[in-house]
Amino acid sequence: MENKVILVTGAAKGIGAEIVKTFAQNKYDVIINYNKSEENAFKLEKLIKNNYNVGVMLVKADLTNESEIVDMYNKVIKKYKKIDIIVNNAALAIDNYLIDKTKEEFMKVLDTNVVAPFLITKIFRNDVKTVINISSTDAVDTYNELSIDYCASKSALNSVTKTLSLAIPNITIVSLMLPWVNTEAIREMDPVYLESELKRTGQKRLIEPNEVAEKIYDLVTKNNIKTGAIINWSEIYE
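With the working numbering applied, the sequence shown covers 271 to 508.
Have a look at this one:
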């Protein structure tokens with residue numbers, strides 16, 4: 271039997287890399303999308319090749335550039351014909367105060383976090399079965415003044431998920447809202463600020479990236495998700 275295939279955006283490190291590894295462990299061929307993190311992407315490709323008997327494909331694409339998304343689609347479909355899962359994981363945060371935030375920054379965050387998942391889903395719509403959009407609890411109840419654009423983008427992503435599920439009823443499209451996750455970017459934050467945010471939002475500890483990956487695998491393989499669903503991490507984590 272041919273392996274199933276998963277495409278993960280922003281997959282060179284952090285949550286994306288853990289998703290790739292988890293699905294490779296479970297005999298999925300993996301497609302690693304990256305943009306600037308080339309060194310990490312090649313390291314991940316090597317790890318997959320050396321440890322798992324699955325196919326692995328690297329695809330460099332700037333997801334704020336529609337033509338590069340189309341090019342990624344053409345490369346992926348040329349090799350695999352169809353794929354089973356897309357995880358729209360790539361995201362951008364530019365945290366600063368309202369007085370300092372520019373329109374350019376705001377739009378760049380929206381382009382990465384909302385428009386890119388929309389375009390990817392639209393372009394792959396006839397060749398994919400399931401789309402998982404990585405959202406955030408910042409969309410609904412943990413929003414912060416420093417990340418007004420990021421919070422808005424994740425709220426918009428949830429809305430896009432719902433409406434795309436109506437527009438493309440032949441595939442399953444859901445959003446998974448994550449709390450604070452133990453990624454490189456989070457570890458580089460001011461620990462005092464991070465501790466205050468965890469306390470403010472009632473989160474007892476950072477979630478590990480491999481926990482996220484395992485839950486996504488569980489959600490997908492058990493077929494217990496309804497298209498258009500906005501899934502809060504707290505609803506699935508025990």
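Note that the Cβ used here is the ideal one computed from N, Cα and C, for glycine as well.
- When DSSP assignments are scanned along the stretch 294-351, the uninterrupted stretches of beta strand (DSSP E) that are 3 or more residues long and fall wholly within it turn out to be 298-304 and 326-330.
- Unbroken beta strand (DSSP E) runs of no fewer than 3 residues, entirely contained in the stretch 379-425, are found at 398-406, following chain order.
- DSSP places N428 in the helix class (H, G or I) of the three-state scheme.
- In the DSSP assignment, the residues bridged to T442 are T400.
- The Cβ atoms of Y298 and A281 do not sit closer than 8 Å to each other.
- When the Cα atoms are used, E454 and V385 turn out to be separated by approximately 24 Å.
- DSSP lists I301 and I356 as the beta-bridge partner residues of L277.
- DSSP places L368 outside both helix and strand once states are collapsed to three, so it counts as coil.
- Counting along the chain, N494 sits inside no beta strand (DSSP E), nor does DSSP assign it H or E at all.
- About 5 Å separates the beta carbon of V300 from that of V290, a gap short enough to meet the 8 Å contact definition.
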